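> Next up is a structure, given as structure tokens.
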Amino acid sequence: MNEFNEDDIGKLLRLKRHEQPPPGYFDNFLHEFHRRQRDELLRQPLWRICLQRAQDFMFRLNVPGLTSYPAAVTAVLVCAAVISLKVYQGPGIEKVAVVQNPTSVVATTLPETAWSLSSPVSTRDLGPTLLRTAKYSSHTHRAATPPRYVLDSTPVSYEAAFRF
Amino acid sequence: MEPPRSDEDKQLVSRTQAGEAGAFDELVVKYTPRLYGLIYNMTSNHEDTNDLLQDVFSKAYKSIGGFRGKSSFYTWIHSIAVNMTLNFLKKRGRRFHLSLDDMDASVQNDKEFLELTATSSPVREADLSELQRRLNEAMMKLSDEHRAVVTMFHIQGMPHAEISKILRVSEGTVRSRLFYANRQLQNYLDEFRKNPVS
Chain G
0 MNEFNEDDIG KLLRLKRHEQ PPPGYFDNFL HEFHRRQRDE LLRQPLWRIC LQRAQDFMFR
60 LNVPGLTSYP AAVTAVLVCA AVISLKVYQG PGIEKVAVVQ NPTSVVATTL PETAWSLSSP
120 VSTRDLGPTL LRTAKYSSHT HRAATPPRYV LDSTPVSYEA AFRF
Chain Y
0 MEPPRSDEDK QLVSRTQAGE AGAFDELVVK YTPRLYGLIY NMTSNHEDTN DLLQDVFSKA
60 YKSIGGFRGK SSFYTWIHSI AVNMTLNFLK KRGRRFHLSL DDMDASVQND KEFLELTATS
120 SPVREADLSE LQRRLNEAMM KLSDEHRAVV TMFHIQGMPH AEISKILRVS EGTVRSRLFY
180 ANRQLQNYLD EFRKNPVS
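The listed protein sequences correspond, in order, to chains G and Y.
Residue numbering for the first sequence follows numbering that gives the first Met the number 0, beginning at 0 and increasing consecutively.
Residue numbering for the second sequence follows numbering that gives the first Met the number 0, beginning at 0 and increasing consecutively.
What follows is the structure, given as structure tokens:
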């Protein structure tokens, strides 16, 4: 009795090419494919459809191509310019009072004898020895810019009242 | 079975990527019979093959935007088909039933069929239809990876190099799997020939 050799196996296997689906299967396959695509699309939530559209759009724009060297350098320069502008402007304006008159004074350290509840602090004449001009005041970061004074963020009225 | 022309595929892929859905339809029509054969011989079930084939083209349509042409479309679509089928077979496990297509009448005129029935004595000794049935059973006894290689090489007529690209393994691995699978099929069919009632 002869045994099967590799060639026989190959020939037998090649006969399996003649196993074919029912007639018309390949003709209908494309229609079935379209139908399934439509069904799948209708079953998807709206946000996913929008996301896919956006991805397609980005792909067609060829975003990786846009991130070339010149574009990257331009982006870095723009970012640097924006950041430097922010640094130049300093901290938030709402807490900074710019003194228009450089000779204005700030009452900081008054001797206890100078205090009186009879008149407001701002209208009192404190005398030359008690004055501190702006050039000695708390320096801000630039000499060329007008002097700035940081106001206390807590309103005076909220401070604890003096008790005598 | 000759592989389709690559330059035609390139044009169809470019047109699909440009948004022309009709171009993808042409690719579907072109590749359906070939991919059907591949998946069918790996699953041995017509219904599973139909579902998988639909999924393969659906996945290909979604992914074709990212296809850069590093390999041919032929290799790319076959890779998708083989990987999806192997994943499906892993999930399916051993719970399946054969749902085989009938052989069409053209087999009677096939040169190899005539040769087998006329000259090959072991085949002539056995009933050919019974032998085919046993062969299908033997195929399903192979591991999924070995069956994939046998299908691509013997049934689809692909060269070793193409199979290695599709499976992303070396040609040596392809040859080794093929050798092992052939030995297993031979043993099984010889067993059947010696004990036809088993």
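Where a beta carbon is used, it is the ideal one built from N, C-alpha and C, also for glycine.
For clarity, every value in this text was computed on a predicted model and none was experimentally measured.
When you compare the CB of D24(Y) with every CB in chain G, is at least one pair closer than 8 Å?
The count along the second sequence starts at 1 and reaches residue 24(Y) at position 25. So yes, D24(Y) belongs to the interface.
> For L184(Y), go through chain G and note every residue whose CB falls closer than 7 Å to its CB, in chain order.
Position 185 of the second sequence holds residue 184(Y). Result: I8.
> Any idea what DSSP makes of E19(Y), helix, strand or coil?
The residue you call residue 19(Y) lines up with position 20 of the second sequence. Coil.
> Confirm, please, whether the CB-CB distance from T31(Y) to L52(Y) is below 8 Å.
Within the second sequence, the letter at position 53 stands for residue 52(Y). Within the second sequence, the letter at position 32 stands for residue 31(Y). Yes, Cβ-Cβ distance for L52(Y) and T31(Y) is below 8 Å.
> Between E190(Y) and chain G, is the shortest Cβ-Cβ distance under 8 Å, so that the two count as touching?
In the second sequence, residue 190(Y) corresponds to position 191, counting from 1. E190(Y) does not count as touching chain G.
> For P44(G), return the contacting residues in chain Y, with the cut-off set at a CB-CB distance below 9 Å.
Taking the first sequence and counting its residues from 1, the one referred to as residue 44(G) is at position 45. The premise fails here: P44(G) is roughly 16 Å from chain Y at the closest Cβ pair, so nothing lies under 9 Å.
> Counting only beta-carbon separations shorter than 8 Å, does L11(G) have a partner in chain Y?
Locating residue 11(G) in the first sequence gives position 12, counting from the first residue. By this cut-off, L11(G) is an interface position.
> Leaving out the 5 sequence neighbours to the left and right, which residues in its chain are closer than 8 Å to S163(Y) when beta-carbon positions are compared?
The residue given as residue 163(Y) occupies position 164 in the second sequence. Excluding positions up to five away in sequence, the list reads S169, E170, T172, V173.
> Any C-beta of chain G sitting closer than 8 Å to the C-beta of I79(Y)?
What you label residue 79(Y) is simply residue 80 of the second sequence in a count that begins at 1. No, I79(Y) lies away from the interface with chain G (no Cβ there is under 8 Å from its Cβ).
> Residue ranges of each alpha helix (DSSP H) run of no fewer than 4 residues wholly in the segment 124-189 of chain Y, ordered along the chain?
Correct list: 127-140, 143-149, 159-166.
> With a threshold of 8 Å between beta carbons, is I76(Y) in contact with chain G?
Numbered from its first residue, the second sequence carries residue 76(Y) at position 77. So, not an interface residue.
> Could you tell me whether the segment 52-61 of chain Y touches the segment 74-81 of chain Y, using the rule of 3 or more Cβ pairs below 8 Å?
With the cut-off at 8 Å, the segment 52-61 of chain Y and the segment 74-81 of chain Y touch.
> For the alpha helix (DSSP H) that contains D47(Y), what are its first and last residues?
By 1-based counting over the second sequence, the position of residue 47(Y) is 48. Element bounds for D47(Y): 45-62.
> Would you identify the three-state DSSP class for E5(G), choosing helix, strand or coil?
Walking along the first sequence from the start, residue 5(G) turns up at place 6. Correct three-state label for E5(G): helix.
> From which residue to which residue does the alpha helix (DSSP H) around F32(G) run?
Stepping through the first sequence from its first residue, residue 32(G) is reached at position 33. Here the alpha helix (DSSP H) through F32(G) covers 24-42.
> Starting from the Cα of L184(Y), find the closest Cα among D50(Y), I165(Y), M138(Y) and give me that residue.
In the second sequence, counting from the first residue as 1, residue 184(Y) sits at position 185. It is M138(Y) whose Cα lies nearest to the Cα of L184(Y).
> Note down the Cα distance separating A160(Y) from L11(G), rounded to an integer number of angstroms.
Indexing the second sequence from 1 puts residue 160(Y) at position 161. Indexing the first sequence from 1 puts residue 11(G) at position 12. C-alpha separation (whole angstroms): 23 Å.
> CA-CA distance, E190(Y) and E25(Y)?
In the second sequence, the residue the question calls residue 190(Y) occupies position 191. In the second sequence, the residue the question calls residue 25(Y) occupies position 26. Rounded to whole angstroms, E190(Y) to E25(Y) spans 46 Å at the Cα level.
> Count the C-beta pairs between the segment 27-47 of chain Y and the segment 15-35 of chain G that are closer than 8 Å, then say yes if the count reaches three, no if not.
In short, these stretches touch, since the Cβ pair count reaches three.
> What in chain Y is Cβ-close to L29(G), meaning under 7 Å?
Locating residue 29(G) in the first sequence gives position 30, counting from the first residue. Neighbours of L29(G) on chain Y, chain order: D24, V27, V28.
> Hey, F145(Y) and R176(Y) are a contact pair by Cβ (cut 8 Å); roughly how many whole angstroms apart?
Taking the first residue of the second sequence as 1, we reach residue 145(Y) at position 146. Taking the first residue of the second sequence as 1, we reach residue 176(Y) at position 177. Note that residue 145(Y) is His in the sequence shown here, rather than Phe. Between R176(Y) and H145(Y) the Cβ distance is about 5 Å, and since that is below 8 Å, they are a contact.
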